[in-house]
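What follows is a short report on a single structure.
Right under this line is the structure:
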């Protein structure tokens, strides 16, 4: 009798009793958090927009660099024709004053720049911060002292002034890589400090001792024993570092040292719109809202992730 | 205590020297010719040569650095007739003024901006945070937290432009900000700074509200709060004397550092509103590649941050009796 395959005789196992891995548990908690789901939806939306930018602008029919003299009013110093900054069937989010470039296309490509630079910068920060934080926490002594002093020093730098100054004196090269390197370079101590603290707490755990007794060498203990046990906080802080970096990239572009025109960036669009804020407010409101939504979305998601990983923390 | 203080001050001087050295090397070595940049675009070759000699660019970098550091304490004479008094942070050829004079001239604006905004964000932020914590989980708490999250996610310049659009342009409640000295006309001083204060405070108040809420919730769940309630203290005393005092100590640390950072100029806010502060000076220096100004403003900013850190550590032991100097 094949009793096991028939539903009537199957043992009454409650679904909750099935084992759920820690990552599964965290994921379930995040999914139940409405704010997190909202944040995730916006993140997905902007990622899709960024990835499909060429396709979207093809449908829209305007590249971010196309000038459209017919959409602006030459007699009025180049103000967009029509209401709300020239929003029409032709130009979905209106046009820029003077040039008549399509704002939708520029915002879409701006999403690409914003996400690309901030995520790459976070990756740089996480890589450097994790390795140096692990080394400092595990070895202690002069290695810890040296790394910690460097972190203290970097954190007491007036970073915005310094970043701007540094970018402005650097030889002209790939601006995106330069931004990633500089933002990543100033961001790693914040991750490094957390990793160092975590490393200190886990380095005397039994499994680390066991690995050491078993003959594991330094790198293997650091990256195969300790690292997997501290990935959760690293992930949380990496997620929360993304909105910070989006803000920094936009601020740098706003101050004129971000990506070089004609490449579109939200911060740069807002800077260009400053002289137009009275006659054409949509010009700064649209990129401003995009910036606001992405920062908000990553913050919501990062916060939810932190709460899910450490439910009793409930901070902020 | 004295030993601790001496050690900390030595560390502060060390950090400032390193920052000075790093900044110096980057801004005097990386550009192809600092003299051309320092002198500005409308500069004759003879003038460039003169500036180069005055800046000491013909000497090795370490010697230039030595001259710079000594100049801070002893003053310098740069060529014919250019006196750079103590403390000499270099000479801005583009402004024809010693950097120190420029800094002193701009400091009042930045300090006015920072202090006013700080008062505003402390009052709003802490009130919101504490109310939210005491009403944790209610509709009020949720509304306030959504508001703070929104406020914290808005870029500073976006807030500034929205305020300019709605308050100045559409409602016409306030004039477009133009800095007036406090001593000259206190009312005009304040009314011109309201928008910049709100702009800065919007961001910081949101962060402080979230932080103080979290701190307060954590503190109010401590056993000693239950003890205080159990021995019959009025709720007000429990919240204010037992809860708030412990909850606020970590916020003092962050406040010190934030204020320190802002005293040396809120670059974006000052730029958007056209306020003549240190941040604006730094920004103009960067745009015009005026190396001595960049170096001077960076050092001043680092100085404020490092000093704020020191002050915070010292104050900490006073407000939190558990902390001892070591």
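Protein chains in written order, with our numbering: chain A, 901 to 1216; chain B, 4 to 329. Even glycine gets a Cβ: it sits at the ideal position worked out from N, Cα and C.
Residue 141(B) has a beta carbon lying at 8 angstroms or more from every beta carbon in chain A. Boundaries of the alpha helix (DSSP H) harbouring residue 273(B): 270-276, taken from the DSSP string.
Within 8 angstroms of the CB of residue 1147(A), the CB atoms of chain B belong to 158, in sequence order along the chain. Annotation for residue 959(A): no beta strand (DSSP E) segment contains it, though the alpha helix (DSSP H) segment containing it runs 953-960. Per DSSP, reduced to three states, the secondary structure at residue 85(B) is strand. Flagged as an interface residue toward chain A: residue 30(B), by a C-beta distance shorter than 8 angstroms.
In its chain, beyond the 5 residues on either side, 1143 have a beta carbon closer than 6 angstroms to the beta carbon of residue 1199(A). By the beta-carbon neighbour count (other beta carbons within 10 angstroms, threshold 16), residue 234(B) is exposed.
Taking every protein chain shown into account, the CB of residue 69(B) has fewer than 16 other CB atoms within 10 angstroms, so this residue is exposed. Membership of residue 226(B) in the alpha helix (DSSP H) is indicated by the continuous run 226-233. Across the structure, residue 1202(A) and residue 6(B) are spaced so that their CA atoms are roughly 43 angstroms apart. Residues of the same chain with a CB within less than 8 angstroms of the CB of residue 307(B), apart from the 5 flanking positions on each side, are 263, 264, 266 and 267 in chain order. A Cβ-Cβ contact shorter than 8 angstroms links residue 1076(A) with residue 1159(A). Scanning chain A for C-beta atoms nearer than 9 angstroms to the C-beta of residue 271(B) yields 1060, 1151, 1154 and 1155, reported in chain order. Rounded to whole angstroms, the gap between the alpha carbons of residue 93(B) and residue 102(B) is 6 angstroms. CA-to-CA, the gap between residue 1172(A) and residue 164(B) works out to about 12 angstroms. If the five residues before and after residue 256(B) are omitted, its C-beta is found closer than 6 angstroms to the C-beta atoms of 315, all from its own chain and listed in chain order. Looking from the CA of residue 199(B), the closest CA among 186(B), 215(B), 304(B) and 171(B) belongs to 171(B). About 6 angstroms separates the CB atoms of residue 133(B) and residue 215(B); that is less than 8 angstroms, so the two are in contact. Apart from sequence neighbours up to five positions away, the residues of its chain that approach residue 228(B) with a beta-carbon distance below 8 angstroms are 222, 241, 245 and 246, ordered along the chain. DSSP assignment within the segment 1086-1154 of chain A yields the following whole alpha helix (DSSP H) runs of 4 residues or more, N-terminal first: 1106-1113 and 1131-1154. Distance between residue 64(B) and residue 131(B), taken at the CA atoms: about 52 angstroms. For residue 29(B), the closest of 318(B), 89(B), 301(B) and 209(B) by C-alpha to C-alpha distance is 301(B).
In the structure shown, the three-state DSSP call for residue 100(B) is strand. For residue 1181(A), the nearest CB of chain B lies under 8 angstroms from its own CB, placing it at the interface with that chain.
Note: residue 183(B) is not bridge-paired with any residue in the DSSP secondary-structure output. Looking from the CA of residue 1048(A), the closest CA among 936(A), 943(A) and 1033(A) belongs to 1033(A). Between the segment 144-151 of chain B and the segment 1177-1188 of chain A there are fewer than three C-beta pairs closer than 8 angstroms, too few to call the two in contact.
Looking at 290(B), 61(B), 305(B) and 166(B), the one whose alpha-carbon comes closest to that of residue 1177(A) is 166(B).
Taking a cut-off of 8 angstroms for Cβ pairs, the segment 1083-1102 of chain A and the segment 1020-1033 of chain A touch, as three or more such pairs fall below it. In the displayed model, residue 92(B) falls within coil according to three-state DSSP, outside both helix and strand. Taking the CA atoms as reference points, residue 1065(A) sits about 22 angstroms from residue 1141(A). Among the residues of chain B, none has a CB under 8 angstroms from the CB of residue 1081(A); the nearest is roughly 14 angstroms distant. Using a Cβ-Cβ cut-off of 8 angstroms, residue 317(B) does not count as an interface residue toward chain A, since no Cβ of chain A sits closer than that to its own.
Taking 8 angstroms as the threshold, the shortest C-beta distance from residue 286(B) to chain A falls below it. DSSP places residue 1190(A) in the uninterrupted alpha helix (DSSP H) bounded by 1182-1209.
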